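So the structure is just underneath, and the comments pick up after that.
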Amino acid sequence: PDGATPVCTNTEQADIHVEISHRRRGVRTVDRSWSLLGTGHAEIGFRGDAAPAVNERTHG
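Under the working numbering, the letters of the sequence shown match residues 50 to 109, in that order.
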């Protein structure tokens with residue numbers, strides 16, 4: 050609780066690719082992976098200087 054206002058950004062629908070991996074002696078090995086195509090949802094929050102304007106919207 051630093052007093053900074055949090056700002057959250059999210060997707061309604063997204064393609065999400067997840068990999069769980071480990072690195073040994075400089076070699077990365079993927080242990081598990083999965084994908085959600087068009088059915089994923091992601092949300093990220095920012096605080097302080099990293100946060101965008103509260104009502105920021107992008108239209109494409």
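Don't be surprised by glycine CBs; every beta carbon is placed ideally from N, CA and C.
The model shown is predicted, which means the values in this text are computed figures rather than measured ones.
- The beta carbon of A91 sits closer than 7 Å to those of N59, T60, A63, I65, all from its chain and outside the five residues before and after it, given in chain order.
- Rounded to whole angstroms, D98 and D51 show a C-alpha spacing of 13 Å.
- In the DSSP assignment, E92 falls within the unbroken beta strand (DSSP E) covering 92-95.
- When only Cα atoms are considered, H71 and W83 end up about 16 Å apart.
- In this structure, the CA atom of T88 is about 17 Å from the CA atom of E68.
- Beta-bridge partners of L86 (DSSP): none assigned.
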